[in-house]
Amino acid sequence: MSDTPPVVAVEGLTKRYGGQAVVDDLTFTLDRGQITGFLGPNGAGKSTTLRILLGLASPSGGTAHVLGLPFAELADPAGTVGAVLESGDFHPARSGRDHLRVLALAAGIDPVRVDEALETVELTGMGRRPVRTYSLGMRQRLGLAAALLGDPRLLVLDEPINGLDPAGVHWLRAFLRTYADEGGTVLVSSHVLAEVTQTVDRVLIINRGRLVTDQPIGDFAQDGSLENTYLALTTAATA
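Okay, so the sequence shown: first residue is 16 according to the numbering used here, each after it adds one.
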């Protein structure tokens, strides 16, 4: 048996606001080489879970570890986790390339990674343009480039296809598949169930802060569709 910890281990995770449990005794693990869809209705606790995992919020109980440690204790956080939670965290007058250069400098990342990341997300030709001229889809790509600067082992993505055109969605799907096939781990939160079906290996569905299913994506074909199962589970969980 391997002593290597899972890439992500969430155990008994709970977060309360004003006595109300937003995340309620949530437990799951993520392994290498896998894309996991993290699904649930608005207010289900997805964003809070991601924020705790990334050290942006503190749990009321339980733990959320990356490679066996809380995010705040990682020796090389940028080289371990890359995250895209919002697409609007840019200075509008700064070029995309300069935005990445600032992030690389702050994280102690070799500046050569800036142009490599721009090339990976296919923004090389747009890198010197100010971010205010970028479309929403281009900002999504720039956010992903920022997440990739440290060449991380885990990607945490919240609604990553928002603003992408069909070609961009196709590109992202292929990129994530290659990333996982090369040993990376992806946790992706999305409301677009049709795209999730084509992208992920496994699905976690939460509702009212609790896990209601954890299944391989192939299992949903036996139940009719991911959408049917999702609606049945979340409706049952709120009834």
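Note that beta-carbon positions come from the ideal geometry of N, C-alpha and C, so glycine has one too.
Distance, residue j Cα to residue i Cα
i, j, result
"R112", "T200", "26 Å"
"D40", "S75", "10 Å"
"L115", "L164", "8 Å"
"A203", "R31", "Note on residue identity: the sequence assigns Val, not Ala, to residue 203. Their Cα atoms are separated by approximately 23 Å."
"G178", "Q35", "33 Å"
"T193", "S73", "33 Å"
"A119", "A236", "43 Å"
"Q213", "E88", "35 Å"
"N57", "N222", "9 Å"
"P226", "N243", "Residue 226 is actually Leu in this sequence, not Pro. So the two alpha carbons sit approximately 17 Å from each other."
"D18", "L84", "14 Å"
"V37", "F43", "16 Å"
"R109", "T228", "43 Å"
"P126", "A209", "37 Å"
CB contact flag (residue i, residue j, <8 Å)
i, j, result
"A162", "L170", "yes"
"G77", "L28", "yes"
"P107", "R154", "no"
"G198", "R66", "no"
"L241", "V207", "no"
"V81", "T64", "no"
"G70", "F86", "yes"
"R156", "V129", "no"
"D173", "S62", "yes"
"V25", "A79", "yes"
"L138", "V99", "no"
Residue i in three-state terms, based on DSSP
i, result
"A59", "coil"
"A254", "Here the model assigns A254 a pLDDT of 45, short of 50, so the residue's position is not dependable, and the following value carries that caveat. It is coil, neither helix nor strand."
"D18", "coil"
"R66", "helix"
"L6", "The requested residue 6 does not occur in the structure, where the chain is confined to residues 16 to 254."
"A72", "coil"
"D46", "coil"
"G52", "strand"
"G158", "helix"
Expected contact under 8 Å - CB spacing of residue i and residue j to nearest Å
i, j, result
"L45", "V22", "5 Å"
"G224", "G60", "4 Å"
"L248", "I220", "6 Å"
"S205", "I232", "S205 to I232, Cβ: 13 Å. No contact."
"I50", "A93", "Not really, about 21 Å apart at Cβ, beyond 8 Å."
Contact with chain B by residue i, beta-carbon distance below 8 Å
i, result
"D130", "The chain labelled as chain B is not found in the depicted structure, where only one protein chain is given."
Secondary structure, alpha helix (DSSP H): runs of 4+ residues fully inside the segment 169-226: 181-196 and 208-214
In chain order, each alpha helix (DSSP H) run of at least 4 residues that lies wholly inside the segment 76-156: 92-95, 111-122 and 127-135
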